[in-house]
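One structure below.
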Amino acid sequence: MQTTISKQFRWEMGHRLPFHTGLCKNLHGHSYEAHVILTGEPDDHGMVMDYFDMKLLIQNKIDELDHCFLCDTSDTIVRAFLETHSMKTVIVDFPTTAENIARMLLEHVVSQLPVAHRVSDVRVRVYETEKTYAEVGRTL
Ligand SMILES: [Zn+2]
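Numbered per the numbering used here, the sequence shown spans residues 846 to 985.
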């Protein structure tokens, strides 16, 4: 029977949306939460994937993002500041919306799946606040 499992991850991160006409254009941060959601056929032990192994799919990326400023490469104002100071920064080539962060994490999770796995569908849900999230998915 197709079964879905999920594991949650949390990190703190700064960002801004330069294109935004409201408050999101300002430097600010969130306590982000990501849910990695895997669907597949459980093995003979009843496991789609060991939760410990799920952590390995994404924890290094979470550690990279934790307490960084996630900066869109086109945000030249903030980039210039960050590059002249020794602050933890991750430069990406997309606007740092929850939607795009979810897509980045999804691509990372898919790339980290072991050669042999039982997963047929991967979803990543990113909560920017406790009330708002973006979710992306891919059927393998
Ligand atoms: Zn924000």
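Using N, Cα and C, we set each Cβ at its ideal position, and we do this for glycine too. All values reported here derive from a predicted model rather than from experimental measurement.
A straight line joining the alpha-carbon of V971 with that of D911 spans about 14 Å.
Taking one beta carbon from each stretch, the stretch 927 to 938 and the stretch 873 to 880 have fewer than 3 pairs nearer than 8 Å; the two do not touch.
In the DSSP annotation of this structure, F939 is not part of any alpha helix (DSSP H), being labelled neither H nor E. Between L950 and I903, the C-beta gap is smaller than 9 Å, which places the two residues in contact. Rounded to whole angstroms, the Cβ separation of R983 and V967 is 5 Å, and the two are in contact under 8 Å. Contact between the stretch 883 to 897 and the stretch 940 to 949 is absent: fewer than 3 CB-CB pairs across the two stretches fall below 8 Å. Under the criterion of beta carbons closer than 8 Å, L883 and T942 do not qualify as touching, at roughly 24 Å. DSSP places S965 in the strand class (E or B) of the three-state scheme.
The residue among Y978, E973, A979 and V969 with its C-alpha nearest the C-alpha of S851 is V969. Residue range T921 to E928 is occupied by the alpha helix (DSSP H) that includes T921.
The C-alpha of L958 is placed about 9 Å away from the C-alpha of L901. With contacts defined as CB atoms closer than 9 Å, V881 and V935 fail to qualify as a contacting pair.
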